[in-house]
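One structure is given below, encoded as structure tokens.
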Amino acid sequence: MPPAGAAHTLVRRSHEERVLRVLQQAGALSRGEIAERVGLSRTTVSDITSELLERGAITVVDTDAAGRTGSGRPAELLALDPGSGQFMGVDFGHRRVHVAVADAAHEVIAAGTAHYLPEAPWSARCDAAFGLVDRLSTETGVHYGALQAIAVGVPGWGNRLSADGVADTFVARFHAPVTVDNHVRYAGLAEAARTAADTAQNLIYLRLSDGVGGGLVVDGRLVRGAGGHAGEFGHVTVAGEAGVLCRCGKRGCVETVASVPAILARCRELGVPLDDLDDLRAAVAIAQPTVDRVLRDAGTAVGRVLGAAAMTLNPSAIVLGGEIVTIAPTLLQQVRSTITYELSWLPDAAPVVRASALADSGGALGAITALFHESPMLADYPAHAAPHRSRSPHVHPTSNDGARWPS
Ligand SMILES: [Zn+2]
0 MPPAGAAHTL VRRSHEERVL RVLQQAGALS RGEIAERVGL SRTTVSDITS
50 ELLERGAITV VDTDAAGRTG SGRPAELLAL DPGSGQFMGV DFGHRRVHVA
100 VADAAHEVIA AGTAHYLPEA PWSARCDAAF GLVDRLSTET GVHYGALQAI
150 AVGVPGWGNR LSADGVADTF VARFHAPVTV DNHVRYAGLA EAARTAADTA
200 QNLIYLRLSD GVGGGLVVDG RLVRGAGGHA GEFGHVTVAG EAGVLCRCGK
250 RGCVETVASV PAILARCREL GVPLDDLDDL RAAVAIAQPT VDRVLRDAGT
300 AVGRVLGAAA MTLNPSAIVL GGEIVTIAPT LLQQVRSTIT YELSWLPDAA
350 PVVRASALAD SGGALGAITA LFHESPMLAD YPAHAAPHRS RSPHVHPTSN
400 DGARWPS
């Protein structure tokens, strides 16, 4: 038997470790929330946290005043020393890269965007990302000295080789573990992570952008599929032989009807000269009837594909992402009503259909979410070197790049 003093020290240390672990996983919590999660009394937690605060292992990051409705003093939110770890999320799109860096307290400490041409090779895209990372360092004073892991999102198909190359390039540059996955899937994960736990278990995410891609969360797990191609809704055929030639080589894919370039091209074909999303916004503002028709056609095509997916997977939520979804509400309405019709014979299967609450930065934030996020959502993922930082299903990235992620 160890002497009573030693036993007390052991218990104390185990309590400290539990408190530190829960903060590592959840970001920032009040003393009450910590007590609830670790199953210790408030008095004990209060004792432990004051000692940890004194030692500088944890820090007061905020109060919960913003989210409070009742009266009384706002509770302090405690988090790990933010300097004890950094996590980088990178999202390579067709024309731009987003980078976001969060600290151990789950606060986004640097974020930004750099652009490149759609035909830019991967070497140039990585250079753009590294230039951005350097610029962010100069602007924010963040030096990436505590970088624990990096998650890089890349566009969906045909990218296995480039994905490996990108991973190697990032490892060589930062000497940190790198995970690479589909960037739309990361955006879907960010979306599921910020959705109420009961509806995030089964969710379909679809993004309409330069291309069309998707992500699936089934039974609380992000689905990759056998070869990492699950959720490639963009190349489901909707228009057949008469359809427009797609970059995948087939004709009439969803992407040839509902991607942003496809919608703009169709409007031009019908005599409405639209060059970009700003033009589209202006046309929507005056309810231009041809544009309205093109958007409805695109929405019908997307709604049918998502309706079929909903019959296959029975999700509780379908989330549509991409700037065009907020610019053109008609599109979302048409997707929603098409899905309603498709599932009209199964009324209790009707999912919530909504626009993404995350801005274009969702992919980068979702990549960081993947690093913070442990099972069940990522339980089936290959064991990459990325450390799992969170068991909490409540990591809530926000659309504001500068914002904290409350847990
Ligand atoms: Zn295609």
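Using numbering that gives the first Met the number 0, the first residue of the sequence shown is number 0, and each one after it goes up by one.
Glycine included, C-beta positions come from ideal geometry on N, C-alpha and C.
It should be emphasised that the depicted structure is a prediction, and the values quoted were computed from it without experimental measurement.
Short Cβ contact (7 Å threshold) for residue i with residue j
i                : j              : result
tyrosine 185     : glycine 320    : no
valine 59        : valine 37      : no
valine 271       : threonine 255  : no
leucine 79       : glycine 111    : no
leucine 342      : alanine 348    : yes
alanine 109      : leucine 135    : yes
phenylalanine 91 : isoleucine 367 : no
tyrosine 204     : valine 304     : no
threonine 62     : cysteine 125   : no
threonine 329    : aspartate 291  : yes
alanine 191      : leucine 370    : no
asparagine 201   : proline 346    : no
Straight-line gap, residue i to residue j (C-alpha atoms, nearest Å)
i              : j              : result
valine 183     : serine 161     : 16 Å
histidine 93   : proline 260    : 12 Å
serine 45      : glutamine 147  : 29 Å
threonine 337  : alanine 316    : 15 Å
alanine 74     : glycine 230    : 42 Å
leucine 279    : glycine 144    : 44 Å
leucine 39     : threonine 48   : 12 Å
valine 216     : leucine 188    : 8 Å
valine 235     : aspartate 163  : 26 Å
arginine 193   : leucine 221    : 14 Å
arginine 246   : alanine 64     : 51 Å
tyrosine 340   : threonine 311  : 16 Å
valine 89      : alanine 5      : 47 Å
valine 211     : alanine 308    : 15 Å
isoleucine 285 : leucine 273    : 14 Å
aspartate 275  : glycine 239    : 27 Å
alanine 282    : glycine 84     : 47 Å
aspartate 218  : glutamate 15   : 33 Å
threonine 8    : asparagine 181 : 47 Å
serine 13      : glycine 248    : 59 Å
aspartate 133  : aspartate 209  : 27 Å
alanine 264    : isoleucine 323 : 14 Å
leucine 331    : glycine 302    : 9 Å
glutamate 138  : glycine 362    : 22 Å
isoleucine 262 : valine 141     : 40 Å
valine 10      : threonine 43   : 11 Å
glutamate 32   : arginine 41    : 9 Å
glycine 55     : alanine 34     : 20 Å
For residue i, the residue or residues it bridges with in DSSP
i              : result
aspartate 102  : Gln85
asparagine 181 : Val153
threonine 58   : Ala78
aspartate 90   : His97, Gly152
tyrosine 204   : Gly214, Val318
arginine 17    : Note: arginine 17 sits in no beta bridge, so no partner.
valine 351     : Ala316
alanine 409    : Not covered by the structure: residue 409. The range shown for the chain is 0 to 406.
alanine 27     : Ala78
Whole-angstrom C-beta distance between residue j and residue i, which should lie under 8 Å
i             : j             : result
valine 96     : alanine 128   : 5 Å
glycine 213   : arginine 223  : With 8 Å as the limit, glycine 213 and arginine 223 do not qualify as a contact, their Cβ atoms being about 12 Å apart.
alanine 104   : proline 120   : Actually they are not in contact, since the Cβ atoms of alanine 104 and proline 120 sit about 37 Å apart, beyond 8 Å.
leucine 419   : alanine 241   : Outside the modelled stretch of the chain, which goes from 0 to 406, sits residue 419, for which no answer is possible.
valine 107    : alanine 99    : 5 Å
leucine 77    : arginine 20   : No, leucine 77 and arginine 20 are not in contact; Cβ-Cβ is about 13 Å, not under 8 Å.
threonine 289 : cysteine 252  : Actually they do not touch by this definition, with Cβ atoms about 23 Å apart.
leucine 22    : isoleucine 57 : 6 Å
valine 179    : valine 153    : 6 Å
>> Could you check whether the stretch 171-180 touches the stretch 351-364, counting it as contact only if at least three pairs of C-beta atoms, one from each stretch, sit closer than 8 Å?
In response: With a cut-off of 8 Å on Cβ pairs, the stretch 171-180 is not in contact with the stretch 351-364, counting fewer than three such pairs.
>> Pairs of beta-carbons, one from the stretch 322-337 and one from the stretch 295-312, closer than 8 Å: are there three or more?
In response: yes
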